[in-house]
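These notes concern the structure reproduced below.
Protein chains: 2
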Amino acid sequence: MTTIRDVARLAGVGLGTASRVVSGKGSVSPATAEKVRRAIAELDFTPSHSARALLSGSTQMIGVYIPLLKGSFYPNILQTIDSELRAADRHMVVAFGREATDTRAEVCEGARFLIERDCDGLIVMSNALTAEDVQEFLRRQPNLVVLNSSFEALADRCFTADHRAGGRLAAEALLGHGHQRIAVIGGPATSPDNAERLEGFHAALREAGIAAEGVPSEASDFSTAGGYAAACRLFERGVDCTALFCANDEMAVGALACCAERGLRVPADVSVIGYDDTPTAEFAVPRLTSVHMPIREVTQAATRMLLNRCYDLGLGVERQFGVTVTVRASLGPAPAMHR
Amino acid sequence: MTTIRDVARLAGVGLGTASRVVSGKGSVSPATAEKVRRAIAELDFTPSHSARALLSGSTQMIGVYIPLLKGSFYPNILQTIDSELRAADRHMVVAFGREATDTRAEVCEGARFLIERDCDGLIVMSNALTAEDVQEFLRRQPNLVVLNSSFEALADRCFTADHRAGGRLAAEALLGHGHQRIAVIGGPATSPDNAERLEGFHAALREAGIAAEGVPSEASDFSTAGGYAAACRLFERGVDCTALFCANDEMAVGALACCAERGLRVPADVSVIGYDDTPTAEFAVPRLTSVHMPIREVTQAATRMLLNRCYDLGLGVERQFGVTVTVRASLGPAPAMHR
DNA sequence: TGGCGGTTTGGTAACGGTTCCATTCTGCCG
DNA sequence: CGGCAGAATGGAACCGTTACCAAACCGCCA
Numbered sequence: 001m002t003t004i005r006d007v008a009r010l011a012g013v014g015l016g017t018a019s020r021v022v023s024g025k026g027s028v029s030p031a032t033a034e035k036v037r038r039a040i041a042e043l044d045f046t047p048s049h050s051a052r053a054l055l056s057g058s059t060q061m062i063g064v065y066i067p068l069l070k071g072s073f074y075p076n077i078l079q080t081i082d083s084e085l086r087a088a089d090r091h092m093v094v095a096f097g098r099e100a101t102d103t104r105a106e107v108c109e110g111a112r113f114l115i116e117r118d119c120d121g122l123i124v125m126s127n128a129l130t131a132e133d134v135q136e137f138l139r140r141q142p143n144l145v146v147l148n149s150s151f152e153a154l155a156d157r158c159f160t161a162d163h164r165a166g167g168r169l170a171a172e173a174l175l176g177h178g179h180q181r182i183a184v185i186g187g188p189a190t191s192p193d194n195a196e197r198l199e200g201f202h203a204a205l206r207e208a209g210i211a212a213e214g215v216p217s218e219a220s221d222f223s224t225a226g227g228y229a230a231a232c233r234l235f236e237r238g239v240d241c242t243a244l245f246c247a248n249d250e251m252a253v254g255a256l257a258c259c260a261e262r263g264l265r266v267p268a269d270v271s272v273i274g275y276d277d278t279p280t281a282e283f284a285v286p287r288l289t290s291v292h293m294p295i296r297e298v299t300q301a302a303t304r305m306l307l308n309r310c311y312d313l314g315l316g317v318e319r320q321f322g323v324t325v326t327v328r329a330s331l332g333p334a335p336a337m338h339r
Numbered sequence: 001m002t003t004i005r006d007v008a009r010l011a012g013v014g015l016g017t018a019s020r021v022v023s024g025k026g027s028v029s030p031a032t033a034e035k036v037r038r039a040i041a042e043l044d045f046t047p048s049h050s051a052r053a054l055l056s057g058s059t060q061m062i063g064v065y066i067p068l069l070k071g072s073f074y075p076n077i078l079q080t081i082d083s084e085l086r087a088a089d090r091h092m093v094v095a096f097g098r099e100a101t102d103t104r105a106e107v108c109e110g111a112r113f114l115i116e117r118d119c120d121g122l123i124v125m126s127n128a129l130t131a132e133d134v135q136e137f138l139r140r141q142p143n144l145v146v147l148n149s150s151f152e153a154l155a156d157r158c159f160t161a162d163h164r165a166g167g168r169l170a171a172e173a174l175l176g177h178g179h180q181r182i183a184v185i186g187g188p189a190t191s192p193d194n195a196e197r198l199e200g201f202h203a204a205l206r207e208a209g210i211a212a213e214g215v216p217s218e219a220s221d222f223s224t225a226g227g228y229a230a231a232c233r234l235f236e237r238g239v240d241c242t243a244l245f246c247a248n249d250e251m252a253v254g255a256l257a258c259c260a261e262r263g264l265r266v267p268a269d270v271s272v273i274g275y276d277d278t279p280t281a282e283f284a285v286p287r288l289t290s291v292h293m294p295i296r297e298v299t300q301a302a303t304r305m306l307l308n309r310c311y312d313l314g315l316g317v318e319r320q321f322g323v324t325v326t327v328r329a330s331l332g333p334a335p336a337m338h339r
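Top to bottom, those sequences are chains A and B. Using this note's numbering, the first residue of the first sequence is number 1, and each one after it goes up by one. Using this note's numbering, the first residue of the second sequence is number 1, and each one after it goes up by one.
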């Protein structure tokens with residue numbers, strides 16, 4: 001390891017002078033600066049992050065906790081965070097969820113792991129998170145934002161799209177195509193964002209005269225296998241519907257697989273609409289209609305807000321995010337007669 | 001920030017004693033240790049990683065460069081690396097590729113970013129990597145492993161499955177089902193692992209009397225959209241085949257979408273076989289037959305080998321990885337008469 | 001009681017960088 | 001030519017931790 005001392009010695013200057021050239025602060029005569037720069041090049045010197053971190057109290061690193069990477073939802077988020085951080089010349093330290101069992105314990109342990117690592121800030125996402133957990137994290141790391149969850153007491157640190165509006169859009173899309181007999185595959189009952197999208201969905205149906213009790217539903221786990229199994233259960237129950245709303249795209253893809261295997265034509269027999277509009281949706285068979293979340297923008301805003309808090313960068317932060325429906329082949333008009 | 005000095009002061013002991021209690025090394029009388037432990041608890045003290053890193057010269061962090069996260073191939077790898085690192089109580093710093101343009105420049109810049117961050121070791125993967133690039137990284141960071149590429153001069157640091165064997169298996173699976181008119185959708189021509197799997201594939205076909213020139217082929221980019229477009233091009237060229245080999249699952253999924261839209265039944269009209277056996281394959285419509293890469297094991301081995309190099313942990317490292325075919329609905333017998 | 005081995009303890013140096021202060025040097029003006 | 005302001009420079013101190021050293025202390029045995 002070459003240190004700045006080596007640089008100073010080789011250049012024949014004092015420690016302070018060498019440091020001033022490296023950091024670019026303070027005045028150094030052009031001739032001296034040139035000598036130092038040559039020494040830096042010759043020794044291939046790069047300043048030690050650890051030493052700088054110790055002195056400045058800032059590691060220039062942001063911790064990110066992200067649940068088990070399944071499907072194409074979370075990878076996109078990670079990617080976006082990295083883009084924003086690298087643009088600001090900061091690094092990302094990641095901790096993942098590991099199993100599906102006790103995700104709440106997992107996120108707490110993951111956050112602890114990251115906090116102890118002396119990150120300058122923390123981005124957390126998990127639908128197993130509670131407001132108390134977040135408060136506890138905040139006690140140890142005030143620079144924290146929550147992605148894809150929303151807690152009223154912490155509204156300014158939470159970044160998420162309007163899932164009630166999203167659920168509502170899904171319902172309206174189905175109703176607009178004449179569907180009346182509609183079934184639902186929901187996410188985990190414990191997941192707040194799942195609850196919100198279902199709330200919006202049922203609210204819109206209710207306004208169209210369809211009570212929630214009249215809507216057959218299965219709860220699942222946001223996974224493709226789960227969606228497949230839930231769809232199978234629905235059909236085995238003898239549910240007779242012309243449209244199926246799935247609370248995320250992964251489950252919708254599973255449902256499509258189930259339909260295909262049972263000989264149900266989508267959308268001729270049954271329309272399917274997903275949620276999130278992940279990259280998977282575009283090339284599903286048939287192409288999947290989905291509620292489009294501006295997840296890139298949401299993630300960007302959260303990351304920038306955190307960067308501003310940590311480093312006072314003054315980046316622009318959007319707080320309103322529009323939700324739309326991307327219509328593809330899996331949504332069609334309700335069949336005139338069913339079966 | 002509470003420091004070990006605060007702890008020592010509160011406990012009424014010297015700095016060294018407090019440090020000995022924290023690190024657990026050196027002898028401390030039970031009574032004193034208890035006093036210190038109480039002070040630690042009261043002050044909620046955690047030792048500073050930066051200070052430890054500066055003194056020990058080790059940041060306890062491993063850098064990971066991973067290309068643009070698309071599809072379900074890379075996320076799995078990332079997940080596996082994280083599991084292994086956390087099991088060893090080490091952290092992961094990540095840099096992603098950003099765009100598809102000039103991926104080689106990207107990987108170099110990403111590796112530089114990670115090396116300058118003082119990681120203890122580096123895991124790099126990208127099919128745009130050259131042996132010279134790796135040599136250059138090694139000069140600055142001797143603790144380096146390459147995932148999913150293979151360079152002869154650096155064989156001991158490269159971890160990848162046998163893609164020639166994988167390509168061969170794909171061919172044998174098709175031949176075994178009576179297919180003779182076979183088409184191929186390949187990955188980027190510049191990608192060595194793509195070249196290897198195609199090599200194996202064509203070698204097996206050649207042994208069955210099918211020359212490479214007689215196998216219609218399109219090159220694409222490993223993306224779903226690319227696979228879709230390539231399949232369209234094949235069919236528009238009027239290619240008449242009973243089976244289609246795609247060099248990864250993403251492209252295979254795109255090809256399936258193309259088949260569906262053109263009314264081609266899979267596997268009744270045309271069989272499709274993918275490569276990698278990513279989670280996507282299982283619930284594709286129809287379920288996708290794919291060459292199964294033991295990517296979890298490969299990743300695990302690479303990570304452990306790096307951990308051993310960095311921290312002398314003596315973890316077991318596998319070096320041989322079996323490749324198999326996961327047979328699902330998309331592969332069927334060749335139609336007796338075509339069209 | 002003196003001496004000795006072993007344990008326990010406190011303080012200092014060191015890691016590599018930046019900041020601050022004191023000193024020297026330069027050029028300019030009176 | 002003397003004085004002075006401002007630039008340029010070198011070196012010490014510091015960030016928080018651990019390793020090492022020396023000193024103090026304990027009990028034990030002769």
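Note that the Cβ used here is the ideal one computed from N, Cα and C, for glycine as well. Quick caveat: nothing in here was measured; it's all calculated off a predicted structure.
Since residue i is in the beta strand (DSSP E), which residue starts that stretch and which ends it?
i: B:ILE62; result: 61–66
i: A:HIS91; result: 91–96
i: B:GLY226; result: Note, B:GLY226: premise wrong, no beta strand (DSSP E); alpha helix (DSSP H) at 224–236.
i: B:ILE182; result: 182–186
Since residue i sits in a beta bridge, which residues does DSSP pair it with?
i: B:ILE340; result: As displayed, chain B neither begins before 1 nor continues past 339, which places residue 340 of chain B out of reach and without an answer.
i: B:THR324; result: B:HIS292
i: A:LEU147; result: A:PHE159
i: A:ALA219; result: A:GLY186
Counting only Cβ pairs nearer than 7 Å, list the residues of chain A close to residue i.
i: B:GLY98; result: Before going further, note that residue 98 of chain B is Arg rather than Gly in the sequence given. Those are SER83, listed as they occur along chain A.
Going along chain A, which residues have a C-beta under 9 Å from residue i?
i: B:ALA95; result: ASP82, ARG86, HIS91 and MET92
i: B:LEU256; result: PHE283 and VAL285
i: B:THR224; result: PRO279, THR280, GLU282 and PHE283
If you drop the 5 nearest sequence neighbours on each side, which residues of the same chain put their C-beta closer than 6 Å to that of residue i?
i: A:GLN60; result: ARG90
i: B:ARG339; result: Note on B:ARG339: pLDDT 44, under 50, position unreliable in the model; no value is reported.
i: A:THR224; result: GLU250, VAL253 and GLY254
i: A:THR326; result: ASP277, SER290 and HIS292
i: A:PHE113; result: ALA95
Once DSSP output is grouped into helix, strand and coil, what is the label at residue i?
i: B:CYS158; result: strand
i: B:GLY121; result: strand
i: B:ASP82; result: helix
i: B:ARG339; result: Note on B:ARG339: pLDDT 44, under 50, position unreliable in the model; no value is reported.
i: A:GLY12; result: coil
i: A:THR360; result: This structure leaves residue 360 of chain A out entirely; chain A is present only between 1 and 339.
i: A:VAL134; result: helix
i: B:HIS177; result: coil
i: A:ILE210; result: coil
i: B:VAL266; result: coil
i: B:VAL239; result: coil
i: A:ASN127; result: coil
i: B:MET251; result: helix
i: B:ASP102; result: coil
i: B:THR46; result: coil
i: A:ASP6; result: helix
Whose C-beta lies closer than 8 Å to the C-beta of residue i among residues of the same chain, with five residues either side of it excluded?
i: B:ILE4; result: LEU15, ALA18, SER19, VAL22, PHE45 and PRO47
Looking at the secondary structure, which residues open and close the alpha helix (DSSP H) in which residue i lies?
i: B:LEU313; result: No alpha helix (DSSP H) holds B:LEU313; DSSP gives it neither H nor E.
i: B:LYS35; result: 30–43
i: B:ALA281; result: 279–282
Could you name the residues of chain B that residue i contacts, counting a contact when the two beta carbons are closer than 8 Å?
i: A:ASP118; result: SER48, HIS49 and SER50
i: A:THR59; result: HIS49 and SER50
Examine the ligand GDP and report whether any of its heavy atoms sits within less than 7 Å of the Cβ of residue i.
i: B:GLY166; result: Ligands are entirely absent from the displayed structure, and the ligand GDP is therefore not among its contents.
At a CB-CB cut-off below 9 Å, which residues of chain B make contact with residue i?
i: A:GLN141; result: Those do not exist, as A:GLN141 stays about 11 Å from chain B at its closest Cβ, beyond 9 Å.
i: A:PRO75; result: LEU69, LYS70, GLY71, SER72, TYR74, PRO75 and LEU78
Could you work out which residues of chain B lie near residue i, taking near to mean beta carbons separated by less than 7 Å?
i: A:TYR275; result: In chain order: nothing, as chain B lies at least about 17 Å away.
What residues in its chain sit with their C-beta under 7 Å from that of residue i, if we drop five residues either side in the sequence?
i: A:SER72; result: THR278, PRO279 and THR280
i: B:GLY322; result: PRO294
i: A:ALA257; result: TYR228
So with CB distances below 8 Å, who are the chain A contacts of residue i?
i: B:TYR228; result: PHE283
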